[in-house]
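Here the structure comes first, spelled out in structure tokens, and everything after it is commentary.
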Amino acid sequence: QMPSEPSVIRFYVALLAAMGAPLRPRPRLPEMEQLALALLRKVGVRMLVIDELHNVLAGNSVNRREFLNLLRFLGNELRIPLVGVGTRDAYLAIRSDDQLENRFEPMMLPVWEANDDCCSLLASFAASLPLRRPSPIATLDMARYLLTRSEGTIGELAHLLMAAAIVAVESGEEAINHRTLSMACRQPLAQPRHRGRTASDLEATGPSHPDMDLDARTDVRFRVLGVLR
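Okay, here's the thing in structure tokens:
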């Protein structure tokens, strides 16, 4: 996972920790870099996925440039695909580097729709919740209701269902149904969390990718086509 700011050292620390490597109290960047590269090659990593890539924009211009250079460096050294996952701000971060923009293909993750796949997802949610009574949420009617409340994103859907599950336990209902969902929707914690900037903010820059229609609630996944050169 990308650190909360574009820090090269913090990224290497997180990368080494994910591989179970021992860390020195005050590691130096060159040593961490060589250790990370050696371990990634030794374990045979074939793809590096970086979540929360939009955190690149949390730093100043110098730190952002250093981190984007790091992405290019890792791709060149390891000769493996890099995948960045994040909100539309991740796309804006990649766009700020001409070379990276040409090497990453943006892919939008579509919002969920009320269909059989969604009902199957809801059934999985219902089965995983530790409630004493069955939750009748795996229906098309309930799917339409839940997707309207969660704006079609799985993160908001999970957030809403968790809030409803808490209400179900506290109220003694012990099931997610229209009653517990209605009670949960009145709570601030169950309200949709609009991340990032508004659509008008994005219009000021305009997406360069001809097929990109970046919505305020759309997460964007970036995928490398081939090896970064």
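Here the sequence shown is numbered in the numbering used here, starting from 70 and rising by one per residue. We put the beta carbon where it would ideally sit given N, CA and C, even for glycine.
For a cut-off of 8 Å, the C-beta gap from ARG141 to ALA183 is around 42 Å, too long to register as a contact. Within the segment 123–200, complete alpha helix (DSSP H) segments of at least 4 residues are found at 130–147, 157–164, 167–172, 185–197, given in chain order. Secondary structure note for ILE119: its beta strand (DSSP E) is the uninterrupted segment 117–119. Each of VAL77, MET231, ASN129 was checked against the Cα of LEU200, and the nearest Cα belongs to MET231. Comparing alpha-carbon positions, the option among GLY128, GLY113, LEU92 lying closest to GLU74 turns out to be GLY128.
With a contact defined as Cβ atoms closer than 8 Å, ILE149 and ARG93 miss out at about 26 Å. Within a 10 Å sphere around the beta-carbon of ASN124 sit 16 or more other beta-carbons, which makes this residue buried. Residues GLU242 of the same chain have their beta carbon placed closer than 7 Å to that of ARG248, with the five preceding and five following residues left out of the count. Going by beta carbons, GLU135 and VAL77 fall inside the 7 Å limit. With fewer than 16 neighbouring CB atoms inside 10 Å of its own CB, THR217 falls in the exposed class. In the structure shown, the three-state DSSP call for LEU109 is helix.
Nearest to ALA233 by alpha-carbon distance, out of ILE206, GLY89, LEU122, is ILE206. When rounded, the separation of the alpha-carbon atoms in SER193 and PRO96 is 44 Å. The closest CA to that of MET177, considering only LEU139, THR222, GLN70, LEU147, is found on THR222.
In the DSSP annotation of this structure, ARG202 is not part of any alpha helix (DSSP H), being labelled neither H nor E. Leaving aside the five residues that flank LEU98 on each side, the residues in its chain whose CB is nearer than 8 Å to its CB run, in chain order, VAL77, ILE78, TYR81. For THR217, the enclosing alpha helix (DSSP H) stretches over residues 209–219.
Close CB contacts of SER219 within its chain, under the 6 Å cut and outside five residues either way in sequence, are with GLU225, LEU226, LEU229 (chain order). Around the CB of MET71, 16 or more other CB atoms lie within 10 Å, so the residue is classed as buried. At the C-beta level, LEU117 and LEU151 come within 7 Å of one another. Per the coordinates, the alpha-carbon of LEU109 lies some 10 Å from the alpha-carbon of LEU143. Put simply, the backbone Cα of GLU239 is about 38 Å away from that of ASP158. Between the C-alpha atoms of ARG164 and LEU190 there is a straight-line separation of about 34 Å.
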